[in-house]
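Heads up, the sequence shown is in our numbering, so the first residue is 964 and it goes up one at a time.
Don't be surprised by glycine CBs; every beta carbon is placed ideally from N, CA and C.
It should be emphasised that the depicted structure is a prediction, and the values quoted were computed from it without experimental measurement.
This report refers to the structure that appears directly beneath it.
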Amino acid sequence: MTTVAATDTFSIGGDLPVHRLGYGAMQLPGPGVWGEPADRDGALRVVRAAVEQGVDFIDTADSYGPFVSEQIIAEALHPYPENLVIGTKAGLTRQGPGIWTPVGRPAYLQQQVELSLRHLQVERIDLIQLHRIDADVPLADQLGAFKELQEQGKVRHIGVSEVSVEELKAAREIVDVVSVQNLYNLTNRQSQDVLDYATAEGIAFIPWFPIATGDLAAPDSPVADIARELDATPSQVALAWLLQKSPVVLPIPGTKSVDHLTENLGAARLTLSAEDMTRLDALA
């Protein structure tokens, strides 16, 4: 049995069922999420290994590289397995390593989706997410650009990223929002209200930075004691906590290492007791 098959599934937009533990492709490009990786063959291997281990949801963005992540995914996996769902994002521009600037002009967003279609080698994007709201452009214009592409058959579903509950509600008045991607993990729960809203509304909640690399992966991390008791790693405990926090949560841990990938996906087999969850909830 593949590792991820131990998790239950969530149907994105009601028609794209995926196992809830996915793979985030942000770490595939070079340092600062910029340029080519030092080991492109290694990047291809980890993407292929994710699918081999049962991952059927991959999250990426046009700005990862830019485009390097999307191109690696296509090189590694195209023609894609029939059940694979790829979500990408548009709306952040890049001026160098670690620099991200929102741009939400409709013509730009539509151009980026067209480029993502080309780089991913698909005729329709399963899930396009507005990477950031551009404060200088009306939200209706930004999401309207995606809606036009949806009506043309080039986009299947639309999501948003790093939004408040109020912004999410406003977005839902413009388009059918099927996902929200916000920073959320054991040690940073600033988006708890957004998760609560998404849970109540049945909207996929994709927590980025799900392991809080460094904070939780270290041997002396807050979850290390529980991890030792369960014969697991801190990263696995952090991911299992997310999976048990809400049925709409789709964690997307990212890595360039096949070993780390396998370790992360092992969280699918981990069950935390009510007491474990209470202890972990108290860490925030």
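| query | Thinking C-alpha only, which one of Ala1231, Pro994, Val1014 is nearest Ala1221? | reply | Reading off the sequence, residue 1221 comes out as Val, not Ala. Out of Ala1231, Pro994, Val1014, Val1014 has the C-alpha closest to the C-alpha of Val1221.
| message | Between the alpha carbons of Ala1133 and Leu1193, how many angstroms are there, rounded? | response | Distance between the alpha carbons of Ala1133 and Leu1193: 42 angstroms.
| said: Can you give me the C-alpha to C-alpha distance between Val1141 and Ala1167, rounded to a whole angstrom? | reply: 6 angstroms
| field | Residue interval of the alpha helix (DSSP H) (run including Ala1237) | value | 1237 to 1244
| Taking only runs of the alpha helix (DSSP H) that begin and end inside the region 1168 to 1198, which ones reach a length of at least 4 residues, in chain order? | 1187 to 1192
| request: Out of Trp1204, Lys1219, Pro1170, state which residue places its alpha-carbon closest to the alpha-carbon of Ser1241. | output: With the sequence shown as reference, residue 1241 is identified as Thr, and Ser is not the correct amino acid for it. Considering only alpha carbons, the answer is Trp1204.
| Taking the C-alpha atoms as reference points, what is the distance between Asp1244 and Asn1151? | 11 angstroms
| Spatial distance of Leu1072 from Gly1050 (CA atoms) | Looking at the two C-alpha atoms, the distance is approximately 15 angstroms.
| request: Check whether the Cβ atoms of Val1048 and Leu1090 lie closer than 8 angstroms to each other. | output: yes
| field | Closest residue to Thr1234 among Tyr1160, Phe973, Leu1206 (Cα-Cα distance) | value | Leu1206
| Endpoints, the beta strand (DSSP E) within which Val1123 is located | In the DSSP assignment, Val1123 falls within the unbroken beta strand (DSSP E) covering 1118 to 1124.
| field | Contact belief for Pro1069 with Gly1116 at Cβ below 8 angstroms, rounded distance in angstroms | value | That pair is no contact at about 18 angstroms.
| Measuring CA to CA, which of His982, Leu1112, Asp1159 is closest to Leu1228? | His982
| request: Determine whether the Cβ of Thr1162 lies closer than 8 angstroms to any Cβ atom of chain D. | output: Given the protein chain composition of this structure (a single chain), no chain D is represented.
| task | Reducing DSSP to helix, strand and coil, say where Asp1089 ends up. | result | strand
| Got a sec? Which residues, its chain only, sit under 6 angstroms from Ser974 by beta carbon, not counting five neighbours each side? | Pro980
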